[in-house]
């Protein structure tokens, strides 16, 4: 199972970086001081740690961040690691329950130790716009379990909200979108899921770095671009709309990083959910 989880994590990361994601780093255009190579190296370094058998969620996050920092000298994947560690842990549990239920069980079992390890990982990754929190600041030792610490940040961080809400956005937006496109290739899947998140709510990375007004403008522009893409008569025209939006966001220094992180997590959850279904059917056969 460890090898399978690592491979699926790598596949999700690679599909996301190959997808044309307006404002975010992708194979068609670097940006924000980072390159596609940075993300690919980060994924390869982090994969075995995210998939480390029997490891606690916090340990996976911290080991993966350390491995990433050894591979590249920038924060390429903190949000991805925070989101994917509980998914990887849930994949190790017996497939007698639906995958979403196993994720909920992982979240319910998180400890103060998980929080301490995650806090250390966040400090090491040093994400832009982190600032200080009035409650459960990552600069201080953890006093509550990781899920409670994340719940305190849910209003300002959509990644934290996944911990608090049982990965509601991942499953109800990302996985649902992926299921509707089951016959598509992984890159097309990533592009569509990314647009789904970019147009669902203000990106919390944009919100944290640029404020509510900019985040609201980006959301409105994304919805208009998505409308134009849907009405386009050719693939070339659709991609032109995305390229123009991508260039404008990068020129403004705006990176919808949370939407990209949620995309990776959704692809991983979708693929792990399918693997769990296959395992249950195999057990029933015999």
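Residue numbers (my numbering): 52 to 337. Using N, Cα and C, we set each Cβ at its ideal position, and we do this for glycine too. Computed from a predicted model, the values in this text were never measured in an experiment.
For residue 300, which residues of its own chain have a beta-carbon under 6 Å away from its beta-carbon, when the five flanking residues on both sides are left out? These residues qualify, in order along the chain: 73 and 74.
Residue 235: buried (16+ other C-beta within 10 angstroms of its C-beta) or exposed? The C-beta of residue 235 has fewer than 16 other C-beta atoms within 10 Å across all chains shown, which makes the residue exposed.
On the DSSP bridge list, what partners appear for residue 77? For residue 77, which the question treats as bridged, DSSP gives the partners 80.
In three-state DSSP terms, what is residue 181? Only weak support exists for where residue 181 lies, its pLDDT of 48 falling under 50; the coordinates are left without a value.
Whole-angstrom distance between residue 244 and residue 231, CA atom to CA atom: Answer to the nearest angstrom: the Cα atoms are 10 Å apart.
Check whether the region 75-94 touches the region 257-273, counting contact only when three or more Cβ pairs, one atom from each stretch, lie closer than 8 Å. The region 75-94 makes no contact with the region 257-273, as fewer than three CB pairs between them are under 8 Å.
Could you give the distance in angstroms between the alpha-carbon of residue 139 and the alpha-carbon of residue 253? Between residue 139 and residue 253, the C-alpha separation is close to 27 Å.
Would you tell me roughly how many angstroms separate the C-alpha atoms of residue 118 and residue 68, rounded to the nearest one? One Cα belongs to residue 118, the other to residue 68, and the distance between them is close to 19 Å.
Are the region 277-290 and the region 108-123 in contact at 8 Å, needing three or more beta carbon pairs? Not touching, per the Cβ criterion.
I need the straight-line Cα distance from residue 257 to residue 163, nearest angstrom please. In this structure, the straight-line span from the alpha carbon of residue 257 to that of residue 163 is close to 29 Å.
Check each candidate in 192, 84 and 144 and name the one with the smallest Cα separation from residue 323. When only C-alpha atoms are compared, the closest one is 144.
Is it buried or exposed for residue 153, if we count other Cβ within 10 angstroms and need 16 for buried? Classification of residue 153: buried, given that the 10 Å Cβ count is 16 or more.
Selection from 60, 237 and 71 that minimises the alpha carbon distance to residue 96: Checked all of 60, 237 and 71; the closest Cα to residue 96 is 60.
For residue 208, three-class secondary structure by DSSP: Judged by DSSP in its simplified three-state form, residue 208 adopts coil rather than helix or strand.
Is residue 70 a contact residue of the ligand COA, with contact defined as CB to any heavy atom under 6 Å? This structure simply doesn't include the ligand COA, nor any ligand for that matter.
Excluding the five sequence neighbours on either side, which residues of its own chain have a C-beta within less than 6 Å of the C-beta of residue 181, listed in chain order? Residue placement at residue 181 is poorly supported in this model, since its pLDDT is 48, which falls under 50; the coordinates are not used for a value here.
Taking Cβ to Cβ, would you say residue 321 is nearer than 7 Å to residue 177? Taking the C-beta atoms as reference points, residue 177 is found no nearer than 7 Å to residue 321.
Spatial neighbours of residue 274 within its chain, please: C-beta separation below 6 Å, excluding the five flanking residues on both sides. Only 250 meet the Cβ criterion.
Judging by CA-CA distance, which residue of 124, 166, 141 and 201 is the nearest neighbour of residue 104? Ranking 124, 166, 141 and 201 by Cα distance to residue 104 puts 141 first.
Within its chain, find whatever has a CB closer than 6 Å to the CB of residue 87; leave out the 5 residues flanking it on each side and keep chain order. Excluding sequence neighbours, residue 87 sits near 68 and 78.
Straight-line CA distance for residue 125 to residue 204? Spanning the two alpha carbons is a distance of roughly 23 Å.
Using the three-state DSSP reduction, which class does residue 252 fall into: helix, strand or coil? Three-state result, residue 252: coil.
Since I believe residue 112 is in contact with residue 172 (beta carbons under 8 Å), could you give me their beta-carbon distance rounded to a whole number of angstroms? Rounded to whole angstroms, the Cβ separation of residue 172 and residue 112 is 5 Å, and the two are in contact under 8 Å.
Kindly indicate which three-state DSSP category residue 144 falls into: helix, strand or coil? Note: residue 144 maps to coil in three-state DSSP.
Tell me whether residue 310 is buried or exposed, calling it buried when 16 or more other Cβ atoms sit within 10 Å of its Cβ. So residue 310 ends up on the buried side.
Terminal residues of the alpha helix (DSSP H) in which residue 6 lies: Residue 6 falls outside the range modelled here, since the chain spans only 52 to 337, and no answer is possible.
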